[in-house]
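Asker: Following this message is one structure expressed as C-alpha cells.
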Amino acid sequence: MKMQFCSKSWLQLLAALLLLGFGCLLEAGIATTKHNLSSTSGNTRRATTEQRMCLMCHAPHSTNPAGPLWNHQLSGATYTPYSSTTLNAAPGQPTGASKLCLACHDGTIAVGALLNMPGAIQGYSFGSPYYGGIIPGLENTITGAANLGVDLRDDHPISFVFDAALAGYSLEFNDPAGLTNKVRLDGNGEVQCTSCHDPHTDAFPKFLRMGFTDAGGYGSPICRECHNKAGWEVGNKHRDSLAEWDGLGDNPWHIDGQNVAGDQIAGGSNSTPRANGCENCHQPHNNPNFNERLLKSDGESRLCITCHNGSVSDGADPTFDIESSLNKLYPHPALDTAYDGLHRPKRGGVTDSYKVREDSNNLAGATRHVECQDCHNPHAVQPGVSPNPEDSATDNTTHLASNVLKRVWGVAPSWPGAWSDVLRSAYSEVDEVLYQYQLCLKCHSDYAFDTLTNGTTNIPSSYAYPGLGTYTLTDQGKEFNPNNPSYHPVTEFAGKNDFKMTVGGTLYDYSSSLLKGFTATSTMTCADCHSDPDTLTGTGPKGPHGSDNWPILIAPYDETTGQSGTWNTDLCFRCHDKNVYTYALGTTTQWTRTGYSNGSRNLHAFHNARRNAPCMTCHSALPHGMRRRALLIYGRRPSTDAGADPEPYNAQTRRAATGTDNWGIPSARDVDSVASGNWFRSYCHSTGVGVGCGM
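In the numbering used here, the protein residues as written are 1 to 695.
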C-alpha cells in the first residue's frame, strides 16, 4: 500500500513537472502561439520573468472546479448573448470552455490574473505556499480584435445544445452526428468556443481547427461543417467568384484583425470571394453594429454594395455595379438609410419551420422597405438574368424567374374573377419563385397591405409623380389577374389578344406588329419594362434597381408617348411596331391601310396623324391590366365626365390637350361588344347611351 501511495505521489509530481516545468510537453504546439504568455516567448504580450507557459491557464492543485485544472480567475460579468429572428437555439450565459475563454477575452480581467500561483520554479520546489495574484508583465486586459467584450450579440452564438432536433428544425444545419471531429461539441453536446478553436495550437490561423480554405481554394470549410445553406455548393456566384478588388479604397472583404483571407493589395491571391467564403459577408466576431446574422456593414443593402459598386471585377460583368442603378433618379430605394434594420427575416411555423423569409407584417406601413435581400438569396444566386427582348430575333422571351432569383420566396395568388380584388387571404407563400411576378407581388399587391385586416388607411394614397397630377398606388395582383379581359402576360398565361381580326368576312393577322421576337402567345417578365436602360447597351444590370425614367422603366413612358418625337425612344415601341401604331411613315397610305381598322383606316395611325394623339388617349396609363379588352379606358377627363374610369388608369386629366379635350372613348358608350376592326366614327364622336365605367 505504501509503495502504491508513493508511486501515485511520484506520478502526480511527474505530471506536475510535465505540466509546469517542462514547457507543457503534452501540448507542445502552444509554445509558438500567442497563447504562450511566458517571458520566453517572442510575443508582445508576455510575462516579465515567469517562464511557465501552462501556468497562465492551468495548475495541478487548488484550481477552479469549472474546468480542466483551471487556474485563471473567472469573470463575474453578465453577458448579453447573441440573438436573431432566424435563431432557433437559445444561448444563455456562457458555460463550459466558453466561460474559461472569456476569462481573458471579455476584457474585464487582467491576462495574468491567476487563482493560485505555485511556488518558485527554482529547484522545482513545490513546497512554497500557494497564493493568488497577477503575473508581472500581464497586468493589463486584452484589447483589440481579441477583446470580445461582454455584449456577445456581435459574436457567433455559444453555449447552446446542437442536436438532431435543432438541425431538423431549420434544415440549414448538417446532422451533428456527422461532424468529423474537426468541429467538436463539448460533453453536454453544446457549441463552445473550443468547437471551432483549439487554444493549444495555431496550426491553422486564428487557432481554428481547420484551414481557412479547402483543397479547392474555397473559403470557410469550418462553417460548412455545421451550416448547410441550400444552393451554396453548386453554381453559386458568391461561392465561385474569382472577382478581384480594384485596389482603390478599402479592401471590400478584409477587416483588420478579423478576416484571415483578403490580402491588403489588389490582386492578392486571397483577395477573392472564393477564398473568403462566408467571410465575404459574415464576421463571426466583433461584428460591426451588432448586426443580426453577423453581417458586415449595415447588414443589409449596403453590405451588398460593398462589392456591387464597381470596385470589384469578374471579367467584363457589368452587373457588379448595382450602386450606379440605385443612385439613379427613380430607384428602388434600397440605399435609403431609413430602411436600415427593417428587413426582418424569420422562420415559419410548426409545419414549415425551416422556411426563412421576411416577416410579411414588415412589408407595409411604417416598416415598408426594400433591401437587396428582399429579392435575392445570396446563398443561392447563380449567374444569369432573363434574356432581354433585344437578344434575339426569335421568341426568347420568358416569364420564368432568372438565376439571380434562385431560392427566393414569393407568393402565388388564387386568381378570382375578372377585375376583382385579390385579397391577402387569396395568396399562398412559395419557397422558391418559379415566375418573376411571384416575387414582385409580395410587395406590390394586397399581400403586403392586407386591406381586409388593416383597412385602406394602410395603403399609401399616392406616390410622387414627375409629371402632372399624382400616381395612386394600385393593386397589381388585381391588374395582372389572367381572368381580366386584357393584361401584359407576366403570369403563367399568355395574353388575351390573338392579334387577329375579321373585317367584312376577311381574317387579318397583324401579329407582325409585335417586335423583338414576341408572338401572340409570348410571356414576359416585369423586368422587361422595369429595368435600368443601361442594360440595353450592356453597361448596366437588368432588373428594377433604378432608372432615370419613372417608374424604373427601361424607356420613357408618359402622357406624350405615341406623339411625334417619341416613336424611336418610348417604351411602347420597343415591342409594338411604330409603323403600325403611329404616323411614323408620314404617308396617308399608312393610315388608310385595309385590315387594321374598319377595313379602310388604321385608326391608330389616323388619330396620331390628325391629332398627334398619344397612347393614353384610349389606353390605360397603367398598362398592367384592365377590366376591358386591349387595355381600353372609357371616359374623357375624369374631372368632367362622371362616368369616366378613374386615375391613374385614365390619364386624360394629365394629358396636355391639343386643340380639344374631346379625345378618347366617351363613358356613355359601350363598345366592348364591337370587334376589332369594326369601329366607326360615331362610336366616339356622338352621344349615346352606354354603360357606366365605375372601377
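Cβ atoms here follow ideal geometry from the backbone N, Cα and C, with glycine treated the same way.
Determine the burial state of R681: buried for a count of at least 16 other Cβ atoms within 10 Å of its Cβ, exposed for fewer.
Answerer: Flag for R681 reads exposed.
Asker: If we ignore side chains and look at the alpha-carbon of each, how far apart do A230 and E172 end up?
Answerer: One C-alpha to the other measures close to 7 angstroms.
Asker: Alpha carbons only, please: which of A412, Q51, A167 is nearest the one belonging to N228?
Answerer: The candidate whose alpha carbon is nearest that of N228 is A167.
Asker: Would the region 88-102 and the region 193-206 be scored as touching if the rule is three or more Cβ pairs under 8 angstroms?
Answerer: Verdict: yes, contact present.
Asker: Taking the straight line between their C-alpha atoms, what separation do you get for D548 and H624?
Answerer: Near 20 angstroms, if we compare the C-alpha coordinates of H624 and D548.
Asker: Cutting at 6 angstroms between CB atoms, please list the residues of its own chain near C278, excluding the five before and the five after it.
Answerer: Cβ neighbours of C278 beyond the five flanking positions: S220, C223.
Asker: Check L439 in the structure and name its three-state DSSP category.
Answerer: If DSSP states are grouped into helix, strand and coil, L439 belongs with the helices.
Asker: May I have a chain-ordered list of the beta strand (DSSP E) segments no shorter than 3 residues that lie completely inside the region 386-415?
Answerer: As far as the region 386-415 is concerned, its whole beta strand (DSSP E) runs of at least 3 residues are 410-413.
Asker: Do the CB positions of C572 and C615 come within less than 9 angstroms of each other?
Answerer: In contact: C572 and C615 (Cβ atoms closer than 9 angstroms).
Asker: Look up L102 in the DSSP assignment and say whether it is helix, strand or coil.
Answerer: L102 falls in the helix class under three-state DSSP.
Asker: Could you give the distance in angstroms between the alpha-carbon of L603 and the alpha-carbon of R593?
Answerer: The straight-line gap from Cα to Cα measures roughly 10 angstroms.
Asker: Please go through the same chain and pick out, in chain order, the residues whose beta-carbon is closer than 7 angstroms to the beta-carbon of L439, but skip the five residues on each side of it.
Answerer: The residues are C375, A401, L405, V408, G410, V433.
Asker: So, P288 versus S297, is the Cβ gap smaller than 9 angstroms?
Answerer: Yes, they are a contact pair.
Asker: Which residue spans inside the region 622-649 form an unbroken beta strand (DSSP E) run of at least 3?
Answerer: Within the region 622-649, no complete beta strand (DSSP E) run reaches 3 residues.
Asker: Can D450 and A364 be called in contact, C-beta distance under 9 angstroms?
Answerer: In this structure, A364 lies closer than 9 angstroms to D450 by Cβ.
Asker: Tell me the DSSP secondary structure of H604 in three-state form.
Answerer: Reduced to three states, the DSSP call for H604 is helix.
Asker: From which residue to which residue does the alpha helix (DSSP H) around A165 run?
Answerer: 164-170 is the span of the alpha helix (DSSP H), which, as asked, contains A165.
Asker: Counting only beta-carbon atoms, is L102 nearer than 9 angstroms to chain D?
Answerer: Note that chain D does not occur in the displayed structure, where there is just one protein chain.
Asker: By how many angstroms is the C-alpha of G546 removed from the C-alpha of D163?
Answerer: Distance between the alpha carbons of D163 and G546 is about 45 angstroms.
Asker: In the structure shown, what three-state DSSP assignment does R344 receive?
Answerer: Residue state, collapsed to three classes: coil.
Asker: Give me, in chain order, the residues of the same chain whose beta-carbon lies closer than 8 angstroms to that of A675; leave out the 5 immediate sequence neighbours on both sides.
Answerer: Within the same chain, A675 has close Cβ partners M501, T502.
Asker: Take T272 and list the residues in its own chain whose beta-carbon comes closer than 7 angstroms to its own, dropping the five residues that flank it on each side.
Answerer: If we look at T272 and ignore the five residues flanking it on each side, its Cβ neighbours are S241, L242, A243, E244.
Asker: Whole angstroms are fine: how far does the CA of N36 sit from the CA of I134?
Answerer: Between I134 and N36, the C-alpha separation is close to 16 angstroms.
Asker: To the nearest angstrom, how far is it from the Cα of K328 to the Cα of G149?
Answerer: Going from the Cα of K328 to the Cα of G149 covers about 41 angstroms.
Asker: When you compare the CB positions of E429 and R357, do they come within less than 9 angstroms of one another, or not?
Answerer: For E429 and R357, yes; Cβs fall inside 9 angstroms.
Asker: Counting only the same chain and skipping the five closest in sequence on each side, list residues whose C-beta sits under 6 angstroms from that of N579.
Answerer: L585.
Asker: I'd like the list of long-range same chain contacts for C304, defined as Cβ closer than 6 angstroms, with 5 residues on each side in sequence excluded.
Answerer: Within the same chain, C304 has close Cβ partners C372.
Asker: Go through its chain and collect everything with a Cβ distance to Y683's Cβ below 8 angstroms, but skip five positions before and after it.
Answerer: Excluding residues within five positions, the ones whose Cβ falls inside 8 angstroms are I665, R669, V671, V674.
Asker: Is the CB-CB distance between R775 and S667 below 9 angstroms?
Answerer: Nothing about residue 775 can be reported from this structure: the residues present for the chain run from 1 to 695 only.
Asker: Quick one: Cα of P533 to Cα of D391, how far?
Answerer: Answer to the nearest angstrom: the Cα atoms are 14 angstroms apart.
Asker: Using only the alpha-carbon positions, how far apart do S311 and E559 sit?
Answerer: Each residue's Cα considered, the two are about 39 angstroms apart.
Asker: R45 and N140 - do their beta-carbons sit closer together than 9 angstroms?
Answerer: Yes.
Asker: Roughly how many angstroms lie between the CA atoms of G137 and A77, to the nearest whole one?
Answerer: G137 and A77: Cα-Cα distance of roughly 24 angstroms.
Asker: So for N118, helix, strand or coil by DSSP?
Answerer: In the sequence under discussion, the amino acid at residue 118 is Pro, which differs from the Asn named in the question. P118: coil per DSSP, three-state reduction.
Asker: Answer with buried or exposed for V234, where buried requires no fewer than 16 other C-beta atoms within 10 angstroms of its C-beta.
Answerer: Exposed, since its Cβ has fewer than 16 Cβ neighbours within 10 Å.
Asker: Give me the Cα-Cα distance between K478 and T398, rounded to the nearest whole angstrom.
Answerer: Going from the Cα of K478 to the Cα of T398 covers about 21 angstroms.
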